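For reference, each letter of the sequence shown is one residue, going 14 to 99 in the numbering used here. Just so you know, even glycine gets a beta-carbon here, dropped at the ideal spot from N, CA and C. Since we're looking at a predicted model, the values are computed, not measured. Down below is the structure, laid out as structure tokens.
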Amino acid sequence: MARYFFDVHEPRASIIDNEGAECSQRSDLSEEVLRALCEIARDRPESYLDQKLRIIVRTSDSEVVLTASLGLTLAWHSEERSTRAA
């Protein structure tokens, strides 16, 4: 089973994973990355508005094998339009 390291890159900081986690299949790796992105953003979603939250997955040899990112946007539309639709 291979060990992978999940480095988190937020708008204001980067967190380098020195422990890693073992994954036996690529599908496990992608599921873990997507789950982690959602969990991180859930804690402070406003921090990621118009910003990218990224996780770069690398092997113990520092080979990048996967990059995943999440970007949140929020756009208010005119109240006049919303009132007519209600």
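So what does DSSP say about residue i, is it helix, strand or coil?
i, result
"Leu79", "strand"
Exposed or buried, what is residue i when buried is set at 16 or more other beta-carbons lying within 10 Å of its beta-carbon?
i, result
"Ile68", "buried"
"Val78", "exposed"
"Leu42", "buried"
Just to confirm the assignment, what range does the alpha helix (DSSP H) spanning residue i have?
i, result
"Arg39", "Arg39 to Asp56"
Let's see if you can read the secondary structure: which residues bound the beta strand (DSSP E) around residue i?
i, result
"Asp63", "It is not in any beta strand (DSSP E) - Asp63 carries neither H nor E in the DSSP assignment."
"Asp30", "Run containing Asp30: none; DSSP gives neither H nor E here."
"Arg16", "Ala15 to His22"
Tell me which same chain residues have a C-beta within less than 7 Å of the C-beta of residue i, skipping the five on either side of it?
i, result
"Glu23", "Leu66"
"Leu87", "Leu62"
Apart from the five residues on each side of it in sequence, which residues of its chain come closer than 8 Å, Cβ to Cβ, to residue i?
i, result
"Glu104", "This structure gives no information on residue 104, because the portion of the chain shown stretches from 14 to 99."
Keeping to the same chain, check which residues put their C-beta closer than 6 Å to that of residue i; ignore five residues upstream and five downstream.
i, result
"Ser73", "Arg16"
What do you reckon, are the CB atoms on residue i and residue j nearer than 8 Å?
i, j, result
"Leu62", "Leu85", "yes"
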